[in-house]
Every structure is written in structure tokens, then in C-alpha cells.
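Engineer: Here it is: the structure, laid out below.
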Amino acid sequence: MIKAILIFNNHGKPRLSKFYEHYNEDTEQQIIRETFHLVSKRDENVCNFLEGGLLIGGLDYKLIYRHYATLYFVFCVDSSESELGILDLIQVFVETLDKCFENVCELDLIFHVDKVHHILAEMVMGGMVLETNMNEIITQVDAQNKMEKSEAGIAGAPARAVSAVKNMNLPEMPKNINIGDISIK
Amino acid sequence: MAFSEHWHIRTFPFSLGPDPSFSVSCYHNEEVDMTKSQLRMPAPIRLRELIRTIRTARTQAEEREMIQKECAAIRSSFREEDNTYRCRNVAKLLYMHMLGYPAHFGQLECLKLIASQKFTDKRIGYLGAMLLLDERQDVHLLMTNCIKNDLNHSTQYVQGLALCTLGCMGSSEMCRDLAGEVEKLLKTSNSYLRKKAALCAVHVIRKVPELMEMFLPATKNLLSEKNHGVLHTSVVLLTEMCERSPDMLTHFRKLVPQLVRILKNLIMSGYSPEHDVSGISDPFLQVRILRLLRILGKNDDDSSEAMNDILAQVATNTETSKNVGNAILYETVLTIMDIKSESGLRVLAINILGRFLLNNDKNIRYVALTSLLKTVQTDHNAVQRHRSTIVDCLKDLDVSIKRRAMELSFALVNGNNIRGMMKELLYFLDSCDPEFKADCASGVFLAAEKYAPSKRWHIDTIMRVLTTAGSYVRDDSVPNLIQLITNSVEMHAYTVQRLYKALLDDISQQPLVQVASWCIGEYGDLLVSGQCEEEEPIQVTEDEVLDVLEGLLVSNLSTPVTRGYSLTAIMKLSTRFSSVNRIKKVVSIYGSSIDVELQQRAVEYNALFKKYDHMRPALLERMPIMEKTASNGPTEIVQTNGETEPSTVEAKHPPPVTQPTNQANDLLDLLGGNDVVPVIQTTIPTKPASAGGELLDLLGDLSLSGGPAPAPPPSVPTSQPPFLLDGLTSQPLFNDIAAAGIPSMIAYNKNGLKIDFTFERANPNPNIAVITIHATNSTEAEMTDFVFQAAVPKTFQLQLLSPSSNVVPALNQGTVTQVIRVLNPQKQQLRMRIKLTYTHKGSAVQDLAEVNNFPPQSWQ
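So the sequence lines, in the order shown, correspond to chains A and B. Taking my numbering, the leading residue of the first sequence gets 1, the next gets one more, and so forth. Taking my numbering, the leading residue of the second sequence gets 1, the next gets one more, and so forth.
This is the structure:
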């Protein structure tokens, strides 16, 4: 079973945290920090598996992660999941995000955390893999977005929202925000 | 961040045309129809504006301040029961929650959103419920009815949300209430709902195992489904059911041909764009099916037979240039190793792993090591062929690979390769990160004990470990080494000389210092006489030796335990050396030590010099050879020098009356002379079971720790004085005497709680099995109010003695033990149901389990 799915950037800032077991807020943050600490000190050319930290379940658990440009995608799983399979799952997740956001970048995840959650909910449910077919995931997410849209009747905000995102003159706007090469190694 | 800036009264853009850039839709669309609220108060800022503001914060404090302000605004908006903006506010709260700020005050608002008619509201409401609500709080029960309604909703997406939430955070009460709805949806023809229902059913079963049978009828048609999502989740559901109940496992074995067919279709079918991942058709489903096959084929000849062919096909046909292919291959190998497969297939599997070991991809090497580790027990020789590759992995830079390689290397050590392997492993121990040292050291000890080619080699190896990684070794390695040294009589002179030299070099490694002190105390005469045959003898005088030991007593590096060892060693030397006066002086100085333990020992030794001088030579005689009783392997109770924990455990429930003799007898055997007993008894009638017992215990003194007046040895009552031999041999060693021959077993291992059973058969009445349970807890929080209950069929009689404690400490830092006696006059196969209740992280946990796999020796 998947115990937690975490996304954070190279500085350890959380971009998504989804726990399939309940922890209080402090523990969740501690886990994120610990995981970041464990994962970030690893070289690029080492394997993508790590025996779990102390906080999240101990030795039976593994951290399986992939690093894309500015973001770490970390899945914490127990022994009932295939290590290599989870690596592929992360890849499917990222490719799905890429399709949904059209060249996904860190900013997309920052401003659309909820959307990322909705996409994830079509892929993983209750810590178990629900769907791995990318097209199916996207179709279902789109259909639900359409429902939201139709409820609002008309939409004044989106156009402005898009321009707002695009034109944000943030001083710390990351230079390299593309997730980059996501092709499977 | 003043909210007044966000007064935006606007004309309503009712005439918006289609907008191509709409892909960013969120919940900022509620601006429509909000004239009223806008007149009352400023509209709360939007999620994206909040995020943008937060991102401008330059310091943590600034960020905190912004968030506090926003939270205040959100709270007041909640108070006003503002329906328009609730959704937006909850979305903002979820963002803050992710950043680590408290957001629980939004819990009720999530419930309100769920109850709303709008999909937008429901979607955020359910998301919030999954993130913010806790099944340990009763609030979540308020959701039950909403979920029930939504499960029967006419829109599949609303049903989907409800299923997803229930499957993520449904408590057992909720699951009980809603299982019927889930079961209905599991039979629907809508694949979107069906796959979610299947996973929801898994969650329900995990929470309330009794409900499993309810889903059995619905599983009939699951595998004939065409949709891969449904197939995938169905396989997950079947796996869960098989793992939970042996009956289900037998029932589902008939599905093997069907699973084989699905797998065959997957590998034979050509390219299908829908399921293709890097050129392989739905690897995820293949992996799941292989896992289920593994469970079904385990210990079952027919099922294994039925899947042999397909496994061979997968193993040979899978394209391995990409990770996906290797994932399938890896799973196939594990399945082949776990089921009763043909020998040819097993060879094929091991060879695949051998190829994996040479792969450039570190991930593949890692899983190869992991799976070789799993198979090394069953196919030892096959794995042995890859030994050199495995040893090479010890030098890998990657800690994950290094750890696996280390574990596997230890598993490969045998009598033939011990010297070579140990050289590599000791080299590894020298250079590895501190996190590896403890495991590596105990691995070396175990391997050396099992396969040591000679005693001298054994002693050298252990000393090498103590000098290089002394502070990382387990505490019981000191008594183990002492025992080993005592038993190798011909090595005494050599050992004491080596240890003395080591002591001159370095007195910071405490375990080494303790062993050295002990040996110098025992064999000081050999050291001074310089009669070592194995090595060039060294010339030392009695005074030099005493200098070193006294140095230990005053050194800042010494722990209290080490000082105790050292004082006792000095005391022992009073019968081996001629400089008795000097020793008397040292001992009397420590009569006023501020360390209570040391003081007590010194006072006792003083008394020996004065009142009981005639007894002293007999008391301080050399320790007799300790009989090798059982493996010194990792015992469940981790002892620390001088701590009382294990002894209190033992003391609270003495071993059953039926075998009062063996423990006490063995102890007495070790003592050699019984005549000393009464004297000491009257001298020091204090401190029963105190941690201090161990120092004099080293002298081999039986009744030091008080207790009832000792009778002659054979009738020593069961109130065996704790700590009798602590510091020399660990308590479990003696329990092992009786347990010899009956393997222990793991009765329960779930949620971090592990319960081991160890067995003894009572001698006078072989119909009684004495089972000791050992409960350990690997989670980070302790388990309180721990109650273990057991029930057996009517043909047995069961007696449960009181447990050692009702708190299981966290992180395996202690054990709760409890003794069960089972009377089994008909010698039937033992079966037991156990019930466990405890409180973990504030919530009560209860679980039932059935234990069937008792080793035959425990009941036959």
C-alpha cells in the first residue's frame, strides 16, 4: 500500500502532500522535512529507493522517488508494492500532469494544488493504484472540470486568471521552470 | 495585505464568449450573483491571490503573519455562514494546511460543502474532508449520511467522490454503515464506479474484516471485465481477501486458469495504444496479477503447476531494455521463487537476477540484491555463484545498495568462504558509515560464531570488531565474548595479552575495555608470568597492570559499568597478585565513591578483606568453563549493561513451577562452590534485584541479591535471584535451554506490533506447553493499555499468567512478555485465537487473529 505521496521542490517546500494514513499536522511536516532531508542529499546517479525514515513506518517502508528538474516526487510504500512498478507509476503521474497542464512546471503545481489532488484521486485511491491509463485519467478529470464550469454558468475569472499567472512579476520566478525531460530513461 | 484593496464591484460579464484559455478553471467563478454579500463585506481574496501574497513573504515570520491574518478573515467568513465563499475559503485553508499551518477549524465547513448541491462545492468539500478530517474524531461520522446519499447520486462523478473519500478515510463505523452501498456499486456495469468500488471494498475489509464475505458474490464476475482499471482493482481486492483468510485463498485458487489467460492475453496482444507503457501492454496489471499468482501458488502444487508455463513465457518474452520490462521480470522471478515451481524455472529465475546484478541501472541492481536476499535461504548454491559481484556492491557509493549487499554478504558466509568473506566485511566495517556499523558488527559476531575455523581466529575477529567499531556493538556482545574466552582454556594467556595491549592503545571503546578488564582480573597471573605461546610474551609487572586498571577507574572515558568491571578485576587480582596491600587501599578508597554502585561493591570487597578473609581465595577463584547452551544469536530482549529491565520482566512471573530445577541448577553449576553461599548471604542482605548485583555476580556469587534464605541447590525455589549472571550471560540464554528444539514463531505482525511465541515443554508433564509471548512495537509511539487475550478450542485448557507490563515501548525498545500454559492432553494440533487491545497514539486499537501455524514440536 502507498502510505504517502509527497511533492516538494529542491528547497524542501511542499507542493503536494497526500497521506493515506492520518497524522497530525506537526508530524506531517516533520515527515516532509525528514523525507526531504533523506532524498535531497542523494546523488543523481544513485538508485531511486531508500529505506523509509523513522517517522513514516520504519523499516518495512521504502521511499521511492524521482527527481525532475526542480521537483521531487516521493512515494512512500510498504512491501506489498513493486518497487520498479512504483517508479513507472511516478512516471505516469508526471506525464499525466504534463498533459493536463500542457508542459507542466512548478508554478502550475503551486497555483493548482487542488487540481493536482483531483488528478491524483483518479490515479491512486486510499493508498492503492486505481487507474494507470493516462487517457482515461485525463478524460475523467476533464469531464469533472467541465461540470464545475457549467455550474458557474459563465466565467469571468479564467481569462484574467491566466493572464495573472502569466504576467506575475515575481522576483523569485524560477528561471528553469520546465519540468524538463520527462521521457523514460 | 489589506483586504480593502480587494473590494471589487464589477459589472457582470454575462456575455462572455467561449474562452480558449479556460483550462485553468477553479472556484473563483462564484463572482456571479454575489451582489448582496459584496455590499455587506469585502469578498475574500482568491486562492491564487493568497498564494501570490504568501510567495512574496521574505521570511518565515512574515509568511506566518500573512497566514494568520487570512485565517482570521476566513474564520469570520465562516462565522457569518457565508455560502458563496465557503468553497473558496476551504480551498485556501487546504493550501495553508499543506504548508503546515493548522486548518482543523475548517472541518465542519467541509461537511457543509459536501452537503451542498453544487459539484464544485462537493469536490472541494470531499477533498478537504480527506485532508483535514480524522477518523479518530467523531466529526467525521456526520459525513456518513451525506456519503450515503452521494453513493446513490445520479451523477457518476458525485458517486466517485463519495467512494474515493470513503475508501480513503472511512472509519470502521462508517464502513459498516456503507458496505451495502459499496457492494451494490461493485456490481454495476459502469466501469468508472466499479473500479472505485473495488478499492473501496478493500478499505472496508481492512477496517472491518468480518464484512469480507459480503463481497464474495460480487467477485464472481470481476475477472471477466474488459476494462483494465476494473481488472487491476479487482486483482487488488482478490489479493486482499486471499491474504486475510485461508478459506478465501482456497476458494480463489480456482481462478488461476482465468488469471493465467488474462496474463497471456496481455503478453501476446500486440500494441494497444490505450494500455501501452514504453512498448509493454499494461505492465501495472501484469505486475498485480503476478503478485496474486504468487499468493495463490504458494504451497499449492496444482496451482503452481497451472502457472508454470505462463511464468516461463513471461520470463523469456519480456523486453528488458526499459524499466517497465524489468519490473515485470522482477515480479516474475519473485513469483517463481515463492511458488512450487519446476527446478528449471528456478534456475532461470536466479539467472535473471544474476543478469540484473550486472545491469547498469542502479535500481535494477538494488532489486536484484533485494530478491537474492529473499531467495538465498532456499537456493543457497545458486546465489553463491554471484558472490563476487555481490561483494563488489559493498563498495558501491549508494547506501541503499550497500545495505542490501551487506545483508546478502552475511547470508552468503559459510564454512568454506568465511576467511575471505570476513576479510571483505571487516574492511567494510572499517570504512562504512556509522549507520551501518551496528548491524555489520553483529553480523560479524553471528557469522564468526557459526563458522569460525579456529578459536584463535574467532577471538581475533571479535577483538578486531571491538577495536574498530567498539561503541557500536550490541551490549550483549561483552558477555558473549567473555563466555567465548572462558571456554577456550588454551587461549587464555594469548587473549589476556592481546587485550592488555589493546588497552594500552585505547581505552575509549567501552565494550573492549570491559572485556579486557574482566580478562585481566581472571587471568592476571598468566599475563604477569608471560607464558604466552602463540605470541612473543610481553614483560609486565603487577604494578603496571594495576596502574592500567586504576587508570580505568579514574578515566573520564569510562562509563560506570566499565568502572565496575575494573574494580572487580582489581579485587580478583588480590588472590592472583602479591601486592594485596595496594589492592586493599584502592578498594577502600572507593568505599566512599559518589557512585553508589561502585561504593557498594567497594564496601562489600572491604568486608571480604576484613571479616571474611578466609573465604576470599575460594570466592575469587577462577570462573569455571561455561557450558555452551544455545546460540548467542540475536535474542529478542536487547539488554543493556546494568539495566534492570529484563530482570523485572522475569521477576514478575517466575518460570512455571513445573520446571524449577533446570535454571537454578545450571546457575549453581557455574558457581562451582556452594559453600560460600550462606556467608555472603548474611553479609549483604540488601538491595534485592538492584542493578548492582552484576558486579559481584561476576564473581559468581549466587545469593548476593538477597531473597529467601537459600536452601541446598536442588531445591532452590523459583524465586531465582535476578541478575545472577548478568554481565556474563544474558537471561534469555537460560530460557533457551528449555526451548531448545522448538523453533519460535511470529504469531502476529501488524501495524508495527509484533508478537513472537517461544515454546517450552514442561518436563514433568509433557502435555503442558508453555508459551511465552514477546510483544514488541516498531512504531514511533508507545502502545499503552496493552492487553493480550487468547482462546483455544475446548479440547485444550489454557492458563494466562499476568503480563510483564501493559505498555509496549516504541521503536522496539523493549518487550512485554507474558506466559501462557496450554494443557493439551489429547496432543491435538494447537490452534489459538488471539485478541489484542491497546491504545496507540491516543486511539484504541483492537484486533483479532488466528494462530494456526504452531510448530509441531509444541504439541506432538
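Note that beta-carbon positions come from the ideal geometry of N, C-alpha and C, so glycine has one too. Owing to the predicted nature of the structure, the values given are computational and were not obtained by experimental measurement.
Give the interface partners of A:A216 over in chain B, defined as CB-CB distance under 8 Å, in chain order.
Structural biologist: An answer regarding residue 216 of chain A cannot be provided, because it is not within the stretch 1 to 185 covered by chain A.
Engineer: Which runs of the alpha helix (DSSP H) spanning at least 4 residues fall entirely within the segment 370 to 411 of chain B, listed in chain order?
Structural biologist: For the segment 370 to 411 of chain B, whole alpha helix (DSSP H) runs of length 4 or above, ordered along the chain, are 380 to 384, 387 to 393.
Engineer: Going by the CB atoms, is the gap between B:V478 and B:V444 shorter than 7 Å?
Structural biologist: Against a cut-off of 7 Å, the Cβ pair of B:V478 and B:V444 comes out as no contact.
Engineer: For B:N749, which of helix, strand or coil comes out of DSSP?
Structural biologist: It is a strand residue.
Engineer: Residues bridged to B:K754 by DSSP?
Structural biologist: B:K754 pairs with B:N749, B:T776.
Engineer: Taking Cβ-Cβ distances shorter than 7 Å, what residues in chain A pair up with B:P102?
Structural biologist: Going along chain A in sequence order, the residues near B:P102 (Cβ under 7 Å) are E25.
Engineer: At 8 Å on the CB atoms, spell out the chain B contacts of A:N10, in chain order.
Structural biologist: Result: empty, since nearest Cβ-Cβ is about 16 Å, beyond 8 Å.
Engineer: Who pairs with A:L16 in a beta bridge, going by DSSP?
Structural biologist: Answer by DSSP bridge pairing, in chain order: A:I7.
Engineer: By the criterion of Cβ-Cβ separation under 8 Å, what are the contact partners of A:F93 in chain B?
Structural biologist: Ordered by position in chain B, no residue passes the 8 Å Cβ test against A:F93, which lies about 12 Å from the chain.
Engineer: Just reading off the beta strand (DSSP E) that B:A790 is part of, what are its end residues?
Structural biologist: Start and end: 783 to 791.
Engineer: Provide the residue span of the beta strand (DSSP E) that contains B:E850, from first to last.
Structural biologist: Element bounds for B:E850: 843 to 851.
Engineer: Can you list, in chain order, the residues of the segment 96 to 116 of chain A whose Cβ is nearer than 7 Å to any Cβ on chain B?
Structural biologist: Answer set for the segment 96 to 116 of chain A: I110, F111, V113, D114.
Engineer: Can the beta-carbon of B:K861 be found closer than 7 Å to that of B:D398?
Structural biologist: Nothing about residue 861 of chain B can be read from this structure; chain B reaches only from 1 to 860.
Engineer: Report the option in B:Q377, B:A312, B:I339, B:K340 whose CA atom is closest to the CA atom of B:I352.
Structural biologist: Minimum Cα distance to B:I352 is reached at B:A312.
Engineer: Please list the terminal residues of the continuous alpha helix (DSSP H) segment that includes B:A148.
Structural biologist: As written in the sequence, residue 148 of chain B is Lys, which differs from the Ala given in the question. From DSSP, the alpha helix (DSSP H) with B:K148 extends over 143 to 151.
Engineer: What is the DSSP secondary structure of B:K264, reduced to helix, strand or coil?
Structural biologist: In the structure shown, B:K264 sits in a helix (DSSP, three-state: H, G or I).
Engineer: Any idea what DSSP makes of A:V186, helix, strand or coil?
Structural biologist: Nothing about residue 186 of chain A can be read from this structure; chain A reaches only from 1 to 185.
Engineer: Would you check if there are 3 or more beta carbon pairs closer than 8 Å linking the segment 108 to 128 of chain A to the segment 94 to 103 of chain B?
Structural biologist: Yes, since at least three Cβ pairs between the segment 108 to 128 of chain A and the segment 94 to 103 of chain B fall closer than 8 Å, the two stretches touch.
Engineer: Around the C-beta of B:L358, are 16 or more other C-beta atoms found within 10 angstroms, so that it is buried, or is it exposed?
Structural biologist: With fewer than 16 Cβ atoms within 10 Å of its Cβ, B:L358 is classed as exposed.
Engineer: Check the Cβ-Cβ distances between B:S171 and every residue of chain A, and say whether any is below 7 Å.
Structural biologist: Chain A contact via Cβ: absent.
Engineer: If you measure beta-carbon to beta-carbon, which residues of the segment 125 to 139 of chain A are closer than 7 Å to chain B?
Structural biologist: The residues in question are M125, G126, M128, V129, L130, E131, T132, N133, N135, E136.
Engineer: Using the Cα positions of B:L373 and B:S555, report the straight-line distance between them to the nearest angstrom.
Structural biologist: Distance between the alpha carbons of B:L373 and B:S555 is about 44 Å.
Engineer: Using DSSP with H/G/I as helix, E/B as strand and the rest coil, what is B:P855?
Structural biologist: B:P855: coil per DSSP, three-state reduction.
Engineer: Residue range of the beta strand (DSSP E) that A:K62 falls in?
Structural biologist: Residues 62 to 68.
Engineer: Quick check on DSSP: helix, strand or coil for B:A452?
Structural biologist: The answer is coil: DSSP assigns B:A452 none of H, G, I, E or B.
Engineer: Does the beta carbon of B:I336 come closer than 7 Å to any beta carbon on chain A?
Structural biologist: No, because no Cβ of chain A sits closer than 7 Å to the Cβ of B:I336.
Engineer: Would B:S400 and A:F101 qualify as a contact pair, given that the criterion is a beta-carbon distance under 7 Å?
Structural biologist: In this structure, A:F101 does not lie closer than 7 Å to B:S400 by Cβ.
Engineer: Is it buried or exposed, B:F105, if we count other Cβ atoms within 10 angstroms and call 16 or more buried?
Structural biologist: Classification for B:F105: exposed.
Engineer: Run through DSSP, which three-state label would B:R833 get?
Structural biologist: Residue state, collapsed to three classes: strand.
Engineer: Between B:L186 and chain A, is there a C-beta pair that is closer than 7 Å?
Structural biologist: For B:L186, the answer is no, since every Cβ of chain A falls outside 7 Å of its Cβ.
Engineer: Whose CA, out of B:I339, B:V287, B:K340, B:N360, lies closest to the CA of B:S321?
Structural biologist: If we check each option's Cα against that of B:S321, B:N360 comes out closest.
Engineer: Anything in chain B within Cβ reach of A:M147, meaning under 7 Å, just list it in chain order.
Structural biologist: Neighbours of A:M147 on chain B, chain order: F119, Y157.
Engineer: Out of curiosity, what's the CA-to-CA distance linking A:C76 and B:M783?
Structural biologist: So the alpha carbons of these two residues sit roughly 23 Å apart.
Engineer: Please list, in chain order, all residues of the same chain as B:T795 whose beta carbon is under 7 Å from its beta carbon, the five residues on each side excluded.
Structural biologist: Within the same chain, B:T795 has close Cβ partners Q826, Q828.
Engineer: Using only alpha-carbon positions, find the residue among B:A315, B:S234, B:L132, B:G325 that is nearest to B:T332.
Structural biologist: The shortest Cα separation from B:T332 among B:A315, B:S234, B:L132, B:G325 belongs to B:A315.
Engineer: Per DSSP, what are the beta-bridge partners of B:Y330 in this structure?
Structural biologist: Its beta-bridge partners do not exist; DSSP assigns none.
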